[in-house]
Amino acid sequence: QQQVKQSPQSLIVQKGGISIINCAYENTAFDYFPWYQQFPGKGPALLIAIRPDVSEKKEGRFTISFNKSAKQFSLHIMDSQPGDSATYFCAASMVNYQLIWGAGTKLIIKP
Amino acid sequence: NAGVTQTPKFRILKIGQSMTLQCTQDMNHNYMYWYRQDPGMGLKLIYYSVGAGITDKGEVPNGYNVSRSTTEDFPLRLELAAPSQTSVYFCASSSEGFGNQPQHFGDGTRLSIL
Numbered sequence: 714q715q716q717v718k719q720s721p722q723s724l725i726v727q728k729g730g731i732s733i734i735n736c737a738y739e740n741t742a743f744d745y746f747p748w749y750q751q752f753p754g755k756g757p758a759l760l761i762a763i764r765p766d767v768s769e770k771k772e773g774r775f776t777i778s779f780n781k782s783a784k785q786f787s788l789h790i791m792d793s794q795p796g797d798s799a800t801y802f803c804a805a806s807m808v809n810y811q812l813i814w815g816a817g818t819k820l821i822i823k824p
Numbered sequence: 138n139a140g141v142t143q144t145p146k147f148r149i150l151k152i153g154q155s156m157t158l159q160c161t162q163d164m165n166h167n168y169m170y171w172y173r174q175d176p177g178m179g180l181k182l183i184y185y186s187v188g189a190g191i192t193d194k195g196e197v198p199n200g201y202n203v204s205r206s207t208t209e210d211f212p213l214r215l216e217l218a219a220p221s222q223t224s225v226y227f228c229a230s231s232s233e234g235f236g237n238q239p240q241h242f243g244d245g246t247r248l249s250i251l
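Protein chains in written order, with this note's numbering: chain A, 714 to 824; chain B, 138 to 251.
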């Protein structure tokens, strides 16, 4: 019940296209859903996060869509650029509970 | 601003050897974490600390030990290294715990046990 399932495992998108990564969770007590971006040889860095009181959060070209009833959330990258090529992790947590991480999605943006 | 610094960046150990992975942060964060990252598995929490002198186990603590004598430093100790401990280890810190504030990560230590 503490898993976060992330898909796809890898994704290739043409430059200028939309990249979509999906995550599903089971524990309805989770109330914090961050996305982290990781470049090769570096640690993850927070990209964007959402709490379940809103259905969507947008920061520049990055948008989180949240579906509380379906227990799913997704990351959309609009106008994808080669510099967006990285591994993306979703995660879920609640107050005083550890982050539960998805397995990661390796995104490649083709020029 | 250095953030979270981990040393060494790479290390090869023989089975049965021991070593300490160093982690220091300069953001005055109370919360610090150790994760391991295995291919296709996401990050697993090994140990965490909510402040100097206070540590607790995470999801995968077996084979590891930690200490937190200062706010800045949070070393991870491997005793009797085993091949299953081959992984990339990340240290992170945050101003508040887990679900409230972003975690800031170091660049990792890549460890191979042969």
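Even glycine gets a Cβ: it sits at the ideal position worked out from N, Cα and C.
Here the structure is a predicted model, which means the values were calculated and not measured.
In this structure, DSSP gives proline 145 of chain B a state outside helix and strand, which the three-state scheme calls coil. Across the set A:Met807, A:Thr800, A:Ile813, the C-alpha of A:Thr800 shows the shortest separation from the C-alpha of lysine 819 of chain A. The beta carbon of asparagine 735 of chain A sits closer than 6 Å to the beta carbons of Ser720, Ser787 from its chain, once the five residues preceding and following it are set aside; these are given in chain order. If you check each beta-carbon in the segment 793-812 of chain A against every beta-carbon of chain B, the ones closer than 7 Å belong to Phe802, Ser806, Met807, Val808, Asn809, Tyr810, Gln811, Leu812. Between glycine 190 of chain B and serine 231 of chain B, the alpha-carbon positions lie close to 17 Å from each other. Burial check for arginine 764 of chain A: the Cβ neighbour count within 10 Å stays below 16, so the residue is exposed. Counting along the chain, no beta strand (DSSP E) covers alanine 783 of chain A, and no H or E run does either.
By the neighbour-count criterion, in which a residue is buried when 16 or more other Cβ atoms sit within 10 angstroms of its Cβ, proline 824 of chain A is exposed. Residues of the same chain with a CB within less than 6 Å of the CB of valine 203 of chain B, apart from the 5 flanking positions on each side, are Tyr184, Thr192, Leu213 in chain order. A straight line joining the alpha-carbon of leucine 182 of chain B with that of proline 198 of chain B spans about 8 Å.
If you draw a straight line from the Cα of lysine 781 of chain A to the Cα of glutamate 216 of chain B, it is about 43 Å long. Listed along the chain, the chain B residues whose CB falls inside 9 Å of the CB of proline 753 of chain A amount to none; the nearest CB is some 11 Å away. Restricted to the segment 143-191 of chain B, the beta strand (DSSP E) segments that are unbroken, complete and at least 3 residues in length are 147-150, 156-162, 168-174, 180-188, listed in chain order. When DSSP states are grouped into helix, strand and coil, proline 795 of chain A belongs to the helix group. In the structure shown, the three-state DSSP call for glutamine 719 of chain A is strand. In this structure, DSSP gives proline 747 of chain A an extended state, which the three-state scheme calls strand. Beta-bridge partners of glutamine 727 of chain A (DSSP): A:Lys823.
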